[in-house]
Amino acid sequence: MPSRLHALLDRLGHATIRAVEEFGFAASLFGEALWWLAMGRARRQPVRMAPILAQAMEIGIAALPIITVLAGTIGLMLAIQGIYTLRTFGAESRVTLGIALSTVREFSPLITGILVAGRSGSALAARLGTMRINQEVDALTVMGISPVRFLVVPPLVAMAVMMPLMTLWADLVSLFAAGLYVSAQLQTSLAAYGDELLTILRLNDFMHGLAKSSIFAALITIVGVVNGASVSGGAEGVGRMTTRSVVHAISAIIITDMVFAFMVTR
Amino acid sequence: MTAAANSVEVRNLQTYYGHRHILRNVSLEVRQGEIFVIMGGSGSGKTTLLNHLLGLLTPSSGSIRLLGRDINAIDPVDKQDLRTKMGVAFQSGALFSSMSVGDNIALPLREHTNLDETTIGIVTRLKLEVVALAGFEHLMPAELSGGMIKRAALARAIVMDPKLLFCDEPSAGLDPVVAASIDDLILRLRDAMGMSIVVVTHDLDSAFKIADRICVLDKGEVLALGSVDEIRASPNERIQNLLNRRTEEAEVDPDAYLRRLMGIKEGEEDEPQGKPL
Chain D
84 MPSRLHALLD RLGHATIRAV EEFGFAASLF GEALWWLAMG RARRQPVRMA
134 PILAQAMEIG IAALPIITVL AGTIGLMLAI QGIYTLRTFG AESRVTLGIA
184 LSTVREFSPL ITGILVAGRS GSALAARLGT MRINQEVDAL TVMGISPVRF
234 LVVPPLVAMA VMMPLMTLWA DLVSLFAAGL YVSAQLQTSL AAYGDELLTI
284 LRLNDFMHGL AKSSIFAALI TIVGVVNGAS VSGGAEGVGR MTTRSVVHAI
334 SAIIITDMVF AFMVTR
Chain A
23 MTAAANSVEV RNLQTYYGHR HILRNVSLEV RQGEIFVIMG GSGSGKTTLL
73 NHLLGLLTPS SGSIRLLGRD INAIDPVDKQ DLRTKMGVAF QSGALFSSMS
123 VGDNIALPLR EHTNLDETTI GIVTRLKLEV VALAGFEHLM PAELSGGMIK
173 RAALARAIVM DPKLLFCDEP SAGLDPVVAA SIDDLILRLR DAMGMSIVVV
223 THDLDSAFKI ADRICVLDKG EVLALGSVDE IRASPNERIQ NLLNRRTEEA
273 EVDPDAYLRR LMGIKEGEED EPQGKPL
C-alpha cells in the first residue's frame with residue numbers, strides 16, 4: 084500500500100511539474116512573440132505583412148460562412164428560448180433585453196472563440212507539430228530565422244485582429260436572426276426591435292465581448308503553438324497534440340470567459 | 023594550423039542526457055576547404071554531435087567554434103550572422119512542405135538579403151542548375167522523389183554561398199546510383215565553391231569516396247581520426263569490424279543481462295532532440 088501511495092504521489096508530482104513547465108513555456112513564448120513583433124526590424128528579422136494577411140484570410144475570411152450560420156442559429160435559439168421562458172410571466176415583450184445583452188456580452192465571443200479554436204487552433208498545432216517532426220523547425224533555426232518570429236507571430240497578429248472583427252460580425256448576424264423571429268412571433272416590426280436594441284445596448288456591452296475575444300485570440304494561438312511544439316512520437320503524436328490543443332483551448336476560453344465576467348461585471 | 027584556418031573546432035565536448043553520457047570528450051577540427059566525414063554506427067552519437075555543431079543543443083561542457091566563433095558564447099545577432107554563413111542539408115531534407123521547391127530555396131535570400139525578386143529568382147534557378155533540378159522550382163516537396171528532395175535540400179543549403187556546409191546522411195535511403203550522384207555533387211560543391219563540408223554518414227563507400235579526413239565515432243567517443251588511408255590501415259579491432267561489416271561480439275555481463283530480464287531499466291530517456299521552437 085505505501086508503495087502504491089508513493090507511486091501515486093510520484094505521478095501527481097511529475098504531472099504538476101509538467102503543468103508548471105508548460106505554463107512557463109507558454110508565457111515565455113508569448114513574451115518572445117511580442118518581443119519579435121516590436122524588435123524584429125531592429126534585429127534584421129522584421130515580421131512581414133504577407134504571412135499575416137495569408138493567416139488572416141485563413142483564420143477569418145474563410146471562417147465567415149460557418150460563423151454566419153452558427154451565429155444566426157444561436158440568435159434564433161435565444162429568441163425561441165427567451166420567448167418561451169418569459170411567456171410564463173406574460174413578459175414576452177421584454178425578450179429583446181435578454182437577447183441583446185447575452186448575445187453581445189457572451190454568446191458571440193464564445194461561439195466565435197470555440198469555432199476558431201476548433202478550426203484554426205487545431206490547424207496551427209498540427210502544422211507546427213508536423214514541421215517539428217520533419218525537422219523543419221530545426222531547419223529554420225539553422226538558417227538564422229527565428230521560428231517564433233516566422234511561425235508564431237503571424238497567426239498571433241492575424242488572430243488578434245480577426246477575432247474581434249468576427250465577433251462583431253457574429254453580433255450583427257445573431258441579433259438580426261433573433262430579430263426576425265421576435266418580430267414575427269410578437270407581431271412587431273423589425274424596426275421597433277432595432278430601436279429597442281439601440282436603447283438597450285451601450286458601447287460598454289460591445290467592448291466587453293470584443294475585449295474577451297482578443298484574449299481568446301491570444302489563448303487559442305499560444306495553446307495551439309505550445310501543443311504543436313511539444314509533439315513527439317510521429318504522426319500519432321501530431322494527432323494526439325492536435326486533439327489536446329482543441330480541448331485545452333476551449334477549456335481555457337470558457338474558464339477565462341467566466342473569470343473575465345466575474346472581474347468586470349461585479 | 024592556426025585557428026582561422028579551421029572552419030570547425032570542437033574541444034573536449036561532453037554531453038549528458040539524463041544519466042546517459044552521450045558524447046565523451048570529443049575533440050576534432052575541420053580544416054578550411056576539406057570534406058570531413060563523421061562516421062559511426064547507429065547510436066554512436068553522430069546525430070547528437072551534429073546537433074551540437076548546428077547549435078541546436080547546448081553541451082554539458084566543452085566548446086564548439088564555427089568559423090572562429092564560439093557558438094555557445096556569442097550574442098544572438100552574431101549567431102544569426104554566423105548562421106547565414108553556414109548551410110545545412112538535413113537527412114529528411116526538411117523542406118517546408120507548404121512552399122514550392124523554388125520558394126524553399128529562395129527563403130534564406132528573402133529573409134536575409136535585400137535582393138529584388140528577379141535576382142532572387144535567378145539565384146534560385148542557378149542553384150537548382152547546380153544540383154541538376156532545373157525546371158522543378160514549381161513543384162511541391164511532396165511531388166519529389168527521395169533523391170530529388172536531398173538535392174533540393176542541398177540547393178537550399180548552398181543558396182547563401184556558405185563557407186561551411188553540413189550534410190546529414192546525404193545518401194541514406196537512396197539507390198546506389200543516386201547515392202553516387204549525390205557524392206559527386208558534394209565533391210563538385212567543394213571544388214567549385216571552396217567550402218568546408220562536414221558529412222555525417224554511416225555509408226562506408228560514400229565516406230571513402232568523398233572524405234579528406236574521417237572521424238569514427240563509437241559509443242560517443244572518437245575512436246579514430248585521420249585520412250582515408252590512415253583509417254583503412256587502422257589496427258583497431260572495432261574500426262576493422264566496422265569497415266568489414268562484422269557484427270561485434272556482445273560483451274558478456276551477467277549482471278546487466280539479469281537486470282534487463284528483470285525489466286530494470288537504466289537510462290530510459292529518449293535521444294535528445296532540438297529545441298521545441
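Just so you know, the sequences run in chain order D and A.
For the first sequence, counting from 1, position 81 maps to 164 in our numbering; every step adds exactly one.
For the second sequence, counting from 1, position 40 maps to 62 in our numbering; every step adds exactly one.
Backbone N, C-alpha and C define an ideal beta-carbon position, used for all residues, glycine too.
Taken atom to atom, the span from the alpha-carbon of D:Leu284 to that of D:Gly277 is near 10 Å. Cα atoms of A:Ala116 and D:Val103: separation of roughly 31 Å, rounded to the nearest angstrom.
In the DSSP assignment, A:Leu247 forms a beta bridge with A:Cys237. Boundaries of the alpha helix (DSSP H) harbouring A:Asp213: Pro198 to Met215, taken from the DSSP string. For the pair A:Leu50 and A:Val238, the CB atoms are not nearer than the 8 Å cut-off.
At least one C-beta of chain A is nearer than 8 Å to the C-beta of D:Met226. Contacts with chain D at 8 Å (Cβ-Cβ) do not include A:Phe58. Nearest in C-alpha terms to D:Leu280, of all of D:Ser203, D:Pro134, D:Val187 and D:Ala146, is D:Val187. If you draw a straight line from the Cα of A:Ile60 to the Cα of D:Pro230, it is about 28 Å long. Under DSSP, A:His43 forms a beta bridge with A:Tyr38. The Cβ atoms of D:Pro192 and D:Thr250 sit closer than 8 Å to each other.
Taking 8 Å as the CB threshold, D:Arg94 stays off the interface with chain A.
Annotation: A:Ser122 is outside any beta strand (DSSP E) and is labelled neither H nor E by DSSP. Note that the C-beta distance between A:Leu187 and A:Leu211 is below 8 Å.
A straight line joining the alpha-carbon of A:Pro81 with that of D:Gln218 spans about 20 Å. Under the criterion of beta carbons closer than 8 Å, D:Val308 and D:Ile216 do not qualify as touching, at roughly 15 Å. Taken through DSSP and simplified to helix, strand or coil, D:Ile216 comes out as helix.
The beta carbon of A:Pro81 sits no closer than 8 Å to any beta carbon of chain D.
Nearest neighbour of A:Ala214 by Cα position, chosen from A:Pro163, A:Lys185 and A:Asp275, turns out to be A:Lys185.
Under a criterion of Cβ atoms nearer than 7 Å, the residues of chain D adjacent to A:Thr106 are, in order, Gly227. Here DSSP, grouped into helix, strand and coil, assigns A:Glu191 to coil. Among the CB atoms of chain D, none fall inside 8 Å of the CB of A:Leu89.
Between the stretch 292–302 of chain D and the stretch 163–173 of chain D there are fewer than three inter-stretch CB-CB distances shorter than 8 Å, so the stretches are not counted as touching. With a minimum length of 4 residues, the unbroken runs of alpha helix (DSSP H) contained wholly in the stretch 268–304 of chain D fall at 273–283. In this structure, DSSP gives A:Met162 a state outside helix and strand, which the three-state scheme calls coil. A:Ser122 is outside the set of residues whose beta carbon lies under 8 Å from a beta carbon in chain D. Look at A:Ser82 here: in three-state DSSP terms it is coil, with no helix or strand label. At least one beta carbon of chain D lies nearer than 8 Å to the beta carbon of A:Gln102. The stretch 60–80 of chain A and the stretch 216–232 of chain A touch, with three or more beta-carbon pairs separated by less than 8 Å. In this structure D:Thr179 is buried. Its beta-carbon is surrounded by 16 or more other beta-carbon atoms within 10 angstroms. Within the stretch 170–184 of chain D, no residue has its Cβ closer than 8 Å to any Cβ of chain A.
Think of a sphere of 9 Å around the beta carbon of A:Pro198: no beta carbon from chain D falls inside it, the nearest being about 25 Å out. For D:Leu251, the secondary structure class from DSSP, reduced to helix, strand or coil, is helix.
The alpha-carbon separation between A:Leu131 and A:Val145 amounts to approximately 9 Å. For D:Asn217, the residues of chain A that pass the 8 Å Cβ criterion are Ser114, Ala116 and Ser119, in the order they occur in the chain.
Counting C-beta atoms within 10 angstroms of its own C-beta, A:Ala179 has 16 or more neighbours from the protein chains shown and is therefore classed as buried.
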